[in-house]
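Residue numbers (the working numbering): 452 to 842.
Right, one structure below, let's go through it.
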């Protein structure tokens with residue numbers, strides 16, 4: 452009987468230790484994740500901001516626990532935390548063991564990320580809007596890839612308007628714009644479309660570790676400045692090529708396997724899907740009948756034979772293509788954040804919410820940016836979510 456009682460007591464005390472360990476691990480995980488949200492203001496974890504947040508979260512989830520160590524991990528932009536708690540023993544006290552200490556550790560932050568920015572470069576984004584996007588995107592890159600470090604983060608860019616532009620040696624075709632079916636967009640109209648021949652529409656940029664390469668690509672966006680024709684907004688083409696950038700299969704092969712990295716697409720647009728057949732104002736012409744109409748240069752009209760019935764009506768072909776491409780991206784393991792800039796009607800908002808990878812019952816991956824001043828705030832919120840990850 453004494454032996455049986457001792458074994459029972461040992462089991463009870465061990466169960467208490469196991470329960471305390473599980474609870475402490477959950478509390479430490481939550482505290483580390485909460486700390487990552489403040490890496491923007493305390494990047495080196497040395498000014499007290501993250502320390503206060505971590506202590507607060509640990510106290511809320513396990514008041515008896517304490518922080519043993521806190522600091523950056525071996526990789527950049529991380530918060531690493533170890534906590535411990537002393538657990539009183541009941542039956543083991545007869546053996547002189549009054550208490551036992553259990554500990555738990557967690558690291559959270561930015562790493563093993565691949566991010567592509569899918570940015571509207573149509574003419575309506577020219578000026579302050581595109582400049583605000585560039586500023587916000589550069590800050591996001593600075594957050595993910597601080598200077599003098601080599602984190603496991605790659606970033607790419609897919610600018611779009613009525614088409615996308617692809618550089619040389621990418622898909623086996625000459626450098627230039629692409630139609631929706633993947634063929635070369637010759638823009639066979641008069642006068643010719645110079646956005647596919649110079650830097651007016653930047654080419655899709657592959658994933659890169661290089662901060663300089665990424666920022667140069669971002670800063671090359673000008674939303675039609677210096678080109679005659681920046682008409683058309685076909686969001687599906689941007690999403691499609693953003694997916695190409697992130698997946699490891701050709702035409703771009705820099706992406707890692709989805710089970711090893713978090714793949715993220717950030718889509719920003721200020722307009723409806725627009726091909727000129729509905730409410731286009733550029734040149735006041737119908738691309739279905741006018742061979743010189745500006746909108747005739749987009750990814751559908753330039754196919755052979757031209758697709759002239761894929762219109763921009765609400766939930767028409769262009770909207771459906773947008774939803775289809777977003778689903779293909781999600782099926783490939785890509786997480787989509789959607790940003791709606793400017794004034795929006797209910798259909799625009801519904802479409803952007805539909806492509807976003809929000810948790811069920813929420814819109815946590817969809818953001819409104821009514822004015823240019825909101826763009827930076829939205830990018831900062833997304834940046835915080837990207838760092839909110841246990842490593």
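All residues carry an ideal CB built from backbone N, CA and C; glycine is no exception.
Since the model is a prediction, treat every value here as computed from it, not as a measurement.
Asked	Found
Cβ of residue 518 within 8 Å of Cβ of residue 509?	yes
Roughly how many angstroms lie between the CA atoms of residue 495 and residue 573, to the nearest whole one?	39 Å
Span of the beta strand (DSSP E) holding residue 840?	Neither: residue 840 is in no beta strand (DSSP E) and is coded neither H nor E.
Quick test of the definition: if touching needs 3 or more C-beta pairs under 8 Å, does the stretch 688–699 touch the stretch 778–792?	yes
In the DSSP assignment, the alpha helix (DSSP H) including residue 539 goes from what residue to what residue?	Note, residue 539: premise wrong, no alpha helix (DSSP H); beta strand (DSSP E) at 529–539.
Secondary structure at residue 469, three-state DSSP: helix, strand or coil?	helix
Examine the Cβ distances between the stretch 757–776 and the stretch 790–803 and report whether three or more of them are shorter than 8 Å.	yes
Within 10 angstroms of its Cβ, does residue 724 collect 16 or more other Cβ (buried), or is it exposed?	buried
I need the boundaries of the beta strand (DSSP E) containing residue 610, first residue and last residue.	604–611
Grouping DSSP H, G and I as helix and E and B as strand, with all else coil, what is residue 524?	coil
What does a CB cutoff of less than 6 Å around residue 839 pick up in its chain, not counting 5 residues either side in sequence?	484 and 487
Could you tell me whether the stretch 658–676 touches the stretch 787–795, using the rule of 3 or more Cβ pairs below 8 Å?	no
Which same chain residues, not among the five before or five after residue 660, have their C-beta less than 6 Å away from its C-beta?	605
Can you tell me whether DSSP reads residue 670 as helix, strand or coil?	helix
For residue 564 versus residue 715, is the C-beta spacing smaller than 8 Å?	yes
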